[in-house]
Amino acid sequence: MRADAPGHSAKYGSYTLMHTESGTILDIQLVQSNEVGGRYHMEKEGLKRGLDHLESSGLTVGYIVTDRHTQIRKYLRERSINQFYDVWRFEKDLSKKLEQLSKNKECVVLKKWLRSIRNHVYWSASTSTTGPEKVAKWTSIVNHIQNVHVHDSPIFPKCAHPDRVSKNAAKWFNPASLELHRVEKVLCNKRVLKDVAKLSHHFQTSPLEAFHSLILKFTPKNVVFPFMGILCRLLLAVLHHNENISREQATGKPVFKVVFPKSKKGEPIARPLKTKPTYNYVDDLMRLVFEEVIVDPAPFVEELQAIPVPMAISAEFERPSKEGNNCSPCIPVQSRGIRQPT
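The opening position of the sequence shown corresponds to residue 0 in numbering that gives the first Met the number 0, with each subsequent residue numbered one higher.
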């Protein structure tokens, strides 16, 4: 879910359902916080509305890739929908714990393994097809960082890399060290192993994050819009995304651009430079307005009026009258802490 503001102050939340194979957005729902009793419940309500819309349209959901939100887990389990977790979000949360642990004096060796452990998260998920296989490959990292490459699991009995003779003994963990015990406690606790088994080996939510960035061009967070204004702008963003999702790399010699995404913490990556986006949907909308809406606006007005618009949050409070108001007048406050020259 994308909220219009961080933390618990969010007023609006948009929930997007994207087809993972094609990247096409199937549905988007806008929820206002006072509809559901607060920001915490907006994500579940947005998902519920989206799934109900897909089912009413005759579409069946085979599986869904989301974050590890507790309410979403329970709701999808009740609807008997197979759920997988986004690998990037899992790796991000795990890396924070490992980075914090690596700041301790006893965990100096861990700093050398942070990047390898991050890569191992993606490898364990992408090369597996079942939950037990993901767990077996994931837990092998505990042996690997001790320079032990044969494991007890029959599913993954040996590391997949070629056998090597290490000359640097300082990079390996001591099997009896407190450092290894702390790292293993983070990597292989019950909660982590349960989540690893549910990591998505199909697709990830990175295209959805790209769409959330696109929404900022249509609905900037520093501008206040009413409910219908945000909904219309979200739908415009969906039209733009779906039209340009299949853009190919620029013709001729393949061109790449080097970027430094925030998620990589300063590490550069190369992305293909694609052709410029198109805006054919604008012509279609203009044609619809001048050829159909202006000619016969009644059916379009009726459809707009059928959209449930929630009551404004400010309308829930009684507005005092100006006359007879006991509020004290506003008095300008002088700046404090600034000395005037004598």
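Just so you know, even glycine gets a beta-carbon here, dropped at the ideal spot from N, CA and C.
None of these values were measured; they are calculated from a predicted model.
{"Asked": "Per the DSSP calculation, Leu16 is bridged to which residue(s)?", "Found": "Asp26"}
{"Asked": "Using 8 angstroms for Cβ pairs, my map puts Val64 next to Glu44. What's the rounded Cβ distance?", "Found": "In fact, because the Cβ distance is near 19 angstroms, the residues do not count as touching under 8 angstroms."}
{"Asked": "Check whether the region 231-243 and the region 97-111 are in contact - that is, three or more C-beta pairs closer than 8 angstroms.", "Found": "no"}
{"Asked": "At what residues does the beta strand (DSSP E) containing Arg114 begin and finish?", "Found": "Note, Arg114: premise wrong, no beta strand (DSSP E); alpha helix (DSSP H) at 109-125."}
{"Asked": "Could you tell me which residues DSSP pairs with Tyr11 in its beta bridges?", "Found": "Gln31"}
{"Asked": "Looking only at its chain, what residues have a beta carbon closer than 8 angstroms to the beta carbon of His239, apart from the 5 residues adjacent to it on each side?", "Found": "Leu213, Phe217, Pro276, Tyr278, Tyr280"}
{"Asked": "Counting Cβ pairs closer than 8 angstroms, one from the region 285-292 and one from the region 264-273, do we hit at least three?", "Found": "no"}
{"Asked": "How many Å lie between Ser152 and Leu46 at the Cα?", "Found": "38 angstroms"}
{"Asked": "With a CB to CB cut of under 8 angstroms and the five nearest residues on each side skipped, what residues in its chain are close to Arg88?", "Found": "Asp66, Arg67, Thr204"}
{"Asked": "Determine the direct distance from the alpha carbon of Pro225 to that of Trp137, and round the result to whole angstroms.", "Found": "47 angstroms"}
{"Asked": "Can you check whether the CB of Asn33 is closer than 9 angstroms to the CB of Ile306?", "Found": "no"}
{"Asked": "Alpha carbon to alpha carbon, how far is Gly265 from Thr128? Give it in angstroms, no decimals.", "Found": "32 angstroms"}
{"Asked": "Val195: buried (16+ other C-beta within 10 angstroms of its C-beta) or exposed?", "Found": "buried"}
{"Asked": "Under DSSP, the alpha helix (DSSP H) around Lys73 begins and ends at which residues?", "Found": "69-77"}
{"Asked": "Is it the case that the Cβ atoms of Val149 and Pro156 are separated by a distance below 9 angstroms?", "Found": "yes"}
{"Asked": "Using 10 angstroms around the beta-carbon of Ala159, count the other beta-carbons present and answer buried if the total reaches 16, otherwise exposed.", "Found": "exposed"}
{"Asked": "Would DSSP call Arg163 helix, strand or coil?", "Found": "coil"}
{"Asked": "On a CA-only basis, which of Phe255, Pro267, Glu208 is nearest Ala2? Give me that one, please.", "Found": "Glu208"}
{"Asked": "Only counting the same chain, and skipping five residues up and downstream in sequence, which positions put a Cβ closer than 7 angstroms to that of Val348?", "Found": "Outside the displayed range of the chain (0 to 341) lies residue 348, so it cannot be described from this structure."}
{"Asked": "Between Val141 and Cys187, how many whole angstroms is the CB-CB distance? I'm expecting something under 8 angstroms.", "Found": "6 angstroms"}
{"Asked": "Return the residue from the list His200, Lys189, Val308 that minimises the CA-CA distance to Ile229.", "Found": "Val308"}
{"Asked": "In or out: Pro260 buried (at least 16 other Cβ within 10 Å) or exposed?", "Found": "exposed"}
{"Asked": "Grab me the residues of Val257's own chain with a C-beta within less than 6 angstroms of its C-beta, minus the 5 sequence neighbours each way, in chain order.", "Found": "Pro267, Ala269"}
{"Asked": "Below 8 angstroms on the Cβ atoms is my contact criterion, and I expect Glu90 with Phe202 to pass it. Report the Cβ-Cβ distance as a whole number of Å.", "Found": "That pair is no contact at about 16 angstroms."}
{"Asked": "Output the distance between the C-alpha atoms of Phe172 and His211, rounded to the nearest integer angstrom.", "Found": "41 angstroms"}
{"Asked": "Drop a sphere of 10 angstroms on the beta-carbon of Ile116, count the other beta-carbons inside from all chains shown, and report buried for 16 or more, exposed for fewer.", "Found": "buried"}
{"Asked": "Once the 5 residues before and after Asn81 are set aside, which same chain residues still bring their CB inside 6 angstroms of it?", "Found": "Tyr62"}
{"Asked": "With H, G and I counted as helix, E and B as strand and the rest as coil, what does DSSP make of Val294?", "Found": "coil"}
{"Asked": "Just to confirm the assignment, what range does the alpha helix (DSSP H) spanning Arg232 have?", "Found": "226-243"}
{"Asked": "Could you work out which residue in Arg190, Ile24, Thr15 is closest to Met41 when comparing CA atoms only?", "Found": "Thr15"}
{"Asked": "Go to Ala209, then tell me how far its alpha helix (DSSP H) extends in each direction, as first and last residue.", "Found": "205-217"}
{"Asked": "Please classify Ile63: does DSSP put it in a helix, a strand, or coil?", "Found": "strand"}
{"Asked": "Would Met0 and Ser13 be called neighbours here (beta carbons separated by less than 9 angstroms)?", "Found": "yes"}
{"Asked": "Might you give, ordered along the chain, the residues of its own chain that have their beta carbon closer than 8 angstroms to the beta carbon of Ile337, omitting 5 neighbours on each side?", "Found": "In this prediction, Ile337 scores a pLDDT of 47, lower than 50, which makes its location untrustworthy; the coordinate-derived value is nonetheless stated afterwards. Here the set comprises nothing."}
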